[in-house]
Amino acid sequence: MCRVLGADYKKRLSEMGCMSDDDVDMDRLYKEMDLLDVTINSNYKKLKDVGSELFLEWGRADTLLKNMLKFSYVISVHDSTTPAEIDEPHFLDTLWVKKARTELDDRRKDAKKEYQKQKEKLKGMIHESRLTYDFVGFNPKEKVDPKNYYQETCKVLKQIEKIRELSVSRKEMVYRMERVQMAIAQNKLPTPKIRDLKELAMNHVKKISVK
């Protein structure tokens, strides 16, 4: 038990007032073993939970294998089914659990930075395009769960792409309208034809929707 928790067995005995293995208060020893067992199960569950979330973040960020292997104990726990399968030193150490949690928090901070970066880009494009947040279907004040930064970033990227498509469509519409105006100025088009071309140009833009 002490091995996987990274605890010093002899030091624990000394703290119990025992000078050797033969000089042990069995009642205290059993209580200590119960405490270690509770800690092992608690840390195992925590690492299981953190590991599942870390694997998602690593996959989304295309994390290098060499960086993942720095947390080989997380991988071992993630792939196991019971605490009894874990016997490597420190693999269920409380400090190592905190280290894994810190890695998860750091990954989510990176995901948050990327989300905020793309969100600001989208806001700028909306402003430059003279559009509204409602038209784009974007709420800049919406709070995002730290677990969902990756998904929300994907949504923002899709909205950015839609605005780019709309921008191209608008330029095409302006070009068409300029051609119509030129034809009008040169008296080359009858009134019904002018009306039809204007309607065609406007309908072309309406087909572009930003979700």
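If you use this note's numbering, the sequence shown corresponds to residues 1040 to 1250, in order.
Built from N, CA and C at the ideal position, the CB exists for glycine as well.
If you're wondering where the values come from, they're calculated on a predicted model, not measured in any experiment.
>> Classify V1089: buried if its beta carbon has 16 or more other beta carbons within 10 angstroms, exposed otherwise.
In response: buried
> From L1205 to K1156, what distance separates their C-alpha atoms?
Replying inline: Rounded to whole angstroms, L1205 and K1156 show a C-alpha spacing of 21 angstroms.
>> Less than 8 angstroms between the beta carbons of M1164 and I1202, yes or no?
In response: The beta carbons of M1164 and I1202 sit closer together than 8 angstroms.
> Leaving out the 5 sequence neighbours to the left and right, which residues in its chain are closer than 7 angstroms to V1249 when beta-carbon positions are compared?
Replying inline: Interpretation of V1249 is limited by its pLDDT of 43, a score under 50 that renders its predicted location unreliable; the figure taken from the coordinates is listed afterwards. Only F1174, V1175, G1176, Q1198, K1201, I1202, L1205 meet the Cβ criterion.
> Relative to the C-alpha of A1100, which residue among V1043, L1044, K1151 is closest?
Replying inline: K1151
> If you count every other CB in all the chains shown that lies within 10 Å of the CB of V1113, and 16 or more means buried, which is it?
Replying inline: Around the CB of V1113, 16 or more other CB atoms lie within 10 Å, so the residue is classed as buried.
>> With distance defined between alpha-carbon atoms, name the residue in P1185, P1128, K1084, Q1190 nearest to K1148.
In response: P1185
>> Let's see if you can read the secondary structure: which residues bound the alpha helix (DSSP H) around G1163?
In response: 1133-1167
>> Below 8 angstroms on the Cβ atoms is my contact criterion, and I expect I1079 with V1136 to pass it. Report the Cβ-Cβ distance as a whole number of Å.
In response: Contact doesn't hold; Cβ gap of about 11 angstroms is too wide.
> Is A1123 helix, strand or coil when you go by DSSP?
Replying inline: helix
> E1159: which of R1169, S1168, E1142, P1179 sits nearest, CA to CA?
Replying inline: Per the Cα distances, P1179.
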